[in-house]
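I have placed the structure first, in the form of structure tokens, so that the comments after it can refer back to it.
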Amino acid sequence: MQNRNPPLKKQRTYEVVNLNEVEDKRENFTNINSLDKMEDNKIDTDLYSRQLGTYGYELMNKLIKLNILIINVKSVGLECAKNLILSGPKSVCIYDNDICEISDVGVNFYISESNVHNKNCRSDAVLKHLQELNNYVHVYNFKGEIDKNMLEKFDVVVACDINNNDIIKYNNLVRSIKTKKIAFLCCNIYGLCGYIFVDFNNEFVCYDQTGENVKSCNVSKISKESEGKVSFDFDKSAPFQNGDYVKFTDVEGMTEINNKIYKINNLQKYTFTIGDTSNFSNYIKGGICTQLKIPLKLNFHSYEYISKYPLSKKVERKEIIINDTIHEEIGIPDSFIVSDYAKIDMSNQLHYAIQALKWYEAQNNNMLPENYEEEVFEKIYKYAVELNEKDKQQELNQSVEELKKEIVYNVSRYCKSHIAPVASFFGGLLAQEVIKFTGKFMPIYQILYLDFFECITSTEPDMNEIKKLNCKNDNIISIFGKSFQKKLNELNVFLVGSGALGCEYSKLFCLLDMCESNNNGVLTITDNDNIEISNLNRQFLFRREHVGKSKSHIASEIIKNKNKNINVQSLETKICAENEHIFNESFWERQNIIVNALDNIQARQYVDNKCVWYSKPLFESGTLGTKGNVQIIIPFLTQSYNDSYDPPEDSIPLCTLKHFPYDIVHTIEYARDIFQGLFYNTPLNIQQFLNNKKDYIQKIEEEGNNATLLETLQNVINTLKEVSNQCNFEFCIRKSVELFHTNFINQINQLLHSFPIDYKLSSGEYFWIGQKKPPQPISFDLNNEYVTEFLLSTSNLYAQVYNIPSCYDINFIKEVANKIEVKPFQPKSVKVNIDEKNLNNISFSHTSEAKLIEDYCEELLKIETSNIKVTPIEFDKDEETNLHVNFIYSFANLRAKNYKIETCDKLKAKIVAGKIIPALATTTSMITGLVGIELLKYVNYYDYIQKYVKLSEEERKKEKDILSYFKNAFINSALPLFLFSEPMPPLKTVDKEYDELMKGPIRAIPNGFTSWDKIQISIKNGTIKNLIDYLNEKYTIEVNLISVGNACLYNCYLPAHNKERLNKPIHEIYMQITKQKLPDDKNYIIVEASCNDQDLVDVLIPSIKFIYK
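First residue of the sequence shown: 52, per the working numbering; consecutive thereafter.
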């Protein structure tokens, strides 16, 4: 029977907000997010905003119509279902009539021991939990027979961890349906390895292989020759690749090239060729070259075929025309996806091992072997060898020179074990592949094999250790052993963050039975954020009733309910220097493992510094849309996060934002700056002036003369005069109309006055070329949707700032606006400062600024301000009714019209202005799974690591390199790309004959020290002189500077320091300078010393742990 759910909820989009009804919505705000008020087939942008940042509306509109069947929800299937439901398809049906087993409890977050006791079938056990994930998705189970008629109802069929005969049966049934094309995917995991197979049927078209934004550049020259050479401007690396297709627009002179498609060849740093241009007109100037997304046609094969012929002998690639559109068509690849170049043929090895295992399963009544059946493993190995030999004779690409017995044995021995991290990784990836059926992102074509065998050593396992105990931890025990499980139980883990990554980590730690109270283990979770609506799309532990509550507290409660043994301490404390009285010495010392689930660099750096100081392992990760990374940081063996973190993103030049935008991002950022100035900075200045006029004037005069200050004063005076004379909504409308004319007419005319269209530089080159687009003023058209939205949002924002009652009657606003007279444009007297070598360095300044500022200060004091009240407002991207995003959206698009830039939707405006980081539940699941696997490795190899780090370099060469077991990772599931690599060793500070930074030689003491090393000195109440003498005696070096944090305690070149501080205790000097009390539980301070040797060569030494009590 099919379980029935409540009626499907309806979704809405940001686009359908009727501005005329905003006032009603503000009065009854609770209805705005009411599920029952939403329209059919629309998308809730509050819930899906982070996901939409990656997927876009086109994919989402397809996704919300998909009906998906998932067969088997033991482990991977459950993870796949969870991630898909969070993503928002139309419906998800689960089919799993198997009775819950005790081992399911340790891998399936929604199966409890009571489900096992009550002999519930899996689909019944998990159904209610899955239904709670997303009210917009119809989630139900099915218990009848799977046949052709049943499958016809679905768009995608997903089979997880089922036997080979059923895979072939279901796949062939799906392919036999001719009424529509249905996707079939399957995924099986076998202990520490697994595979994903994808079949999107024949003639599947992927319209966007990467999901990246289309790139464009400005043309600076096109030659006339048989291989026409295009020269382009781009401020970073080349935006294109050889073989890309591009279209030209707005080229002057050589107009024949406009709106034509060309293929890029011979790409160089700033040039490429496009074929014969010899018969075209001469190029004059201008032009934009835009990358085109070329659809890719793929013909998929059945699993039955791919299991025998997973690779072709040669990849066939050709161009075809479909409906007058260029498509590419490629055949089956000739090699597997390589994820780890240290194991180049691992996928080939796994192919034979898994196919041989499937053969045995079919021979053994669809039963897989237990982990102790050595004779069976040998039988499987021999059959795998036989398969490989047949393929070698046919010279098939999947064959290997020699099949490795160890790999076949590992696949076979652990094939019945399902562990949570592996299920999490494959479940996230599988869900992402399902979503690719919408046509966006390149699907796995057609099979992917991956393994994590580095988790275990190559030695023979202790059979007594890995014997199952008929308990929830049997999946872990059957691979790693009982002793290993006890180590997990005893761990003290610090999880920093309880957002998307944090929820997944909490789930993994819960399933792995880590941090048990009975074994003195503790899981500490801290997060100072509360739950928001937009979190629910990927932070799967939270529900709508949790909105506004603490993330860490709710996450802790939920995993405690799942696992009564776990000992969780939840905190709402921000991890930073101000809270070191909470995260103190004893706290850090008792942690075994630190896991970061953070979304900002500053916090990551802080935690990394602590882990380096306290010699704690750190598991670092991050996601961005379909991309994710994992970094493993092990004391004394690897680089720390601060050794290798990514540099900050490039900022947009101010000149580009203010005068020469060429991308919609520029106009959105400029609109955000205007919002900040109009509705926060100027009101704040007025507020400060009203609070204390004398101090404000004094501050203004001290700042001196500059264009920004002049503009601020002008805005403050004009606004104060206007508000004092007229404080009603008509004033707000007039201000909005004037703002329109200032930004979209007058400023544009002023720029064109300073730089006319035909303006040339001293070199004779046109000014308006390349990325500099000549703007044009736009008319104040009250029938234009951007103009009306601009007036509505701007006037109401002014009303909010100046405490005037709001008005959402657009007809009234338009009527008043139409009557307002605005002075025609008159060029201002400005001085243009231009650097022709760097055209990004252009500035405009007013003349006689000093006099104007002086006059304004006098004028300010004369204004009557007794009845004026202002309220600065800060930008809020998430509150729909405040019209903040509406202002950004309308302003940015009006400015885009000025510069002939393609406009954007509200979601784009919201994402850019609100600095929203695109995020997906699927990527989060994959990344946390990979971190979980590395964590298992660390626990398994902990004893060996402790011995290894104590060995000398020569001794280490004789041992197995422990770092080779661990893997940093970078993934981009859109491509799909998986890169696993050994962590880099720590950076060493060494002697140098010439150092670029120091501009001379340097010495390192000890030579080759790393950030993990420290010098420990213990002197009770030790003075500056004690420290200097110690370093001089031990290392024969002179100390020049001593500092603690940002405080300089001693400078040998200052006589006062030598006289007053030399004989004072270091900790007393620190407290005297910083006026901070040192913590009672800490008996040392961290000291940095700048030194030189007797030859005056600079000497670098590690940080000093100076124990003073």
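Glycine is no exception: its CB is placed at the ideal position from the N, C-alpha and C atoms. Since this is a predicted model, take the numbers as computed values, not measurements.
Limits of the unbroken beta strand (DSSP E) element including residue i
| i | result |
| --- | --- |
| Ala-234 | 234 to 241 |
| Thr-105 | Note, Thr-105: premise wrong, no beta strand (DSSP E); alpha helix (DSSP H) at 96 to 114. |
| Thr-674 | 669 to 675 |
| Tyr-146 | 142 to 146 |
| Ile-247 | 244 to 250 |
| Tyr-313 | 312 to 314 |
Exposed unless 16 or more other CB atoms sit within 10 angstroms - verdict on residue i
| i | result |
| --- | --- |
| Ala-474 | buried |
| Glu-90 | Low local confidence applies: a pLDDT of 40 at Glu-90 is under 50, so the model's placement there is unreliable, and no value is given. |
| Cys-627 | exposed |
| Val-883 | exposed |
| Gly-326 | exposed |
| Asp-564 | buried |
| Lys-824 | buried |
| Ile-371 | exposed |
| Ser-1015 | exposed |
| Phe-946 | The question names Phe, but residue 946 in the sequence shown is Arg. Per the 10 Å Cβ criterion, buried. |
| Glu-720 | buried |
| Asp-746 | exposed |
| Tyr-556 | buried |
| Lys-311 | exposed |
| His-804 | exposed |
Euclidean distance between Cα positions of residue i and residue j
| i | j | result |
| --- | --- | --- |
| Leu-1151 | Glu-1010 | 31 Å |
| Leu-129 | Gln-590 | 16 Å |
| Leu-552 | Leu-649 | 8 Å |
| Asn-200 | Lys-231 | 13 Å |
| Ile-666 | Ile-1013 | The displayed chain sequence assigns Ser, not Ile, to residue 666. One C-alpha to the other measures close to 17 Å. |
| Val-867 | Leu-729 | 21 Å |
| Phe-876 | Ile-796 | 8 Å |
| Glu-452 | Leu-438 | 12 Å |
| Leu-135 | Asn-569 | 36 Å |
| Asn-526 | Leu-559 | 13 Å |
| Ala-1020 | Ile-609 | 29 Å |
| Phe-863 | Ala-964 | 29 Å |
| Lys-811 | Tyr-817 | 4 Å |
| Glu-421 | Ser-601 | 44 Å |
| Phe-323 | Asn-316 | 6 Å |
| Ser-844 | Lys-1126 | 48 Å |
| Lys-179 | Glu-446 | 51 Å |
Span of the alpha helix (DSSP H), counted from its first residue to its last, around residue i
| i | result |
| --- | --- |
| Gln-727 | 715 to 727 |
| Asp-694 | 692 to 695 |
| Ser-138 | 127 to 138 |
| Asp-746 | 744 to 754 |
| Val-427 | 425 to 444 |
Decide yes or no for the touch test of the region 300 to 312 against the region 257 to 265: beta carbon pairs closer than 8 Å, at least 3 of them. no
Take every Cβ of the region 396 to 411, pair it with every Cβ of the region 427 to 439, and state whether three or more of those distances are shorter than 8 Å. yes
At what residue ranges does the region 891 to 963 contain a whole run of the alpha helix (DSSP H), taking only runs of 4 or more? 900 to 913, 935 to 949
If you scan the region 593 to 647 from start to end, which runs of the beta strand (DSSP E) of 3 or more residues do you find wholly inside it? 619 to 622, 644 to 647
If we count Cβ pairs, one from each stretch, closer than 8 Å, do we get three or more for the region 237 to 254 versus the region 497 to 506? yes
Going residue by residue through the region 446 to 488, where are the continuous alpha helix (DSSP H) segments of at least 4 residues, counting only ones entirely within it? 456 to 464, 471 to 486
Three Cβ pairs or more, each shorter than 8 Å: is that satisfied between the region 476 to 493 and the region 1017 to 1033? yes
What are the uninterrupted segments assigned as alpha helix (DSSP H) that are 4 or more residues long and contained completely in the region 154 to 181, given in chain order? 164 to 168
Could you pull out every unbroken beta strand (DSSP E) segment of at least 3 residues lying fully inside the region 853 to 891, listed in chain order? 881 to 885
Minimum length 3: unbroken beta strand (DSSP E) runs contained in the region 185 to 212: 189 to 192, 207 to 211
Which parts of the region 994 to 1065 are runs of the beta strand (DSSP E), unbroken and 3 residues or longer, counting only runs that do not cross its ends? 1019 to 1023, 1028 to 1032, 1043 to 1046, 1051 to 1055
With three or more beta-carbon pairs closer than 8 Å as the criterion, would you say the region 135 to 144 touches the region 109 to 122? yes
So, does the region 763 to 775 touch the region 903 to 912, judging by three or more C-beta pairs under 8 Å? yes
Of all the alpha helix (DSSP H) runs that stay within the bounds of the region 780 to 824, which reach a length of 4 or more residues? 780 to 792, 798 to 805
Contact between the region 342 to 354 and the region 212 to 232 (3+ Cβ pairs under 8 Å): yes
At least 3 beta-carbon pairs within less than 8 Å: the region 953 to 972 vs the region 929 to 940: yes
Starting from the N-terminal side, write out each stretch of the alpha helix (DSSP H) that is 4 residues or longer and does not extend beyond the region 532 to 584. 533 to 540, 551 to 562
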